[in-house]
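Each residue of the sequence shown is one higher than the one before, counting from 61 in our numbering.
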Amino acid sequence: MKNSLPHLTSPKIREEQKTSAFTLVELLVVISILAILATIAFLSFNSYSSKARDGVRITTLKSIHQ
61 MKNSLPHLTS PKIREEQKTS AFTLVELLVV ISILAILATI AFLSFNSYSS
111 KARDGVRITT LKSIHQ
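What follows is the structure, encoded as structure tokens:
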């Protein structure tokens, strides 16, 4: 039977019940880091796509001018 009062169990029993898992703080830190990296990647992608569009426009204008 599971003890409903964990503060009354012996330390040995509590250690055996402890499972290996991530804490909420660790998960929040990882999610924050991933969000920051995703933002950086998104901004970089927008910059590269803007430069590519500008290159296409310049090429089109040069071909029209000739």
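All C-beta atoms in this analysis are idealised placements derived from N, C-alpha and C, irrespective of residue type, glycine included. If you're wondering where the values come from, they're calculated on a predicted model, not measured in any experiment.
A distance below 6 Å between beta-carbons, with the five flanking residues on each side excluded, links T119 to no residue of its chain. DSSP places S80 outside any alpha helix (DSSP H), giving it a letter other than H or E. Straight-line measurement puts the Cα of A81 at about 50 Å from the Cα of G115. Rounded to whole angstroms, the gap between the alpha carbons of L84 and I93 is 14 Å.
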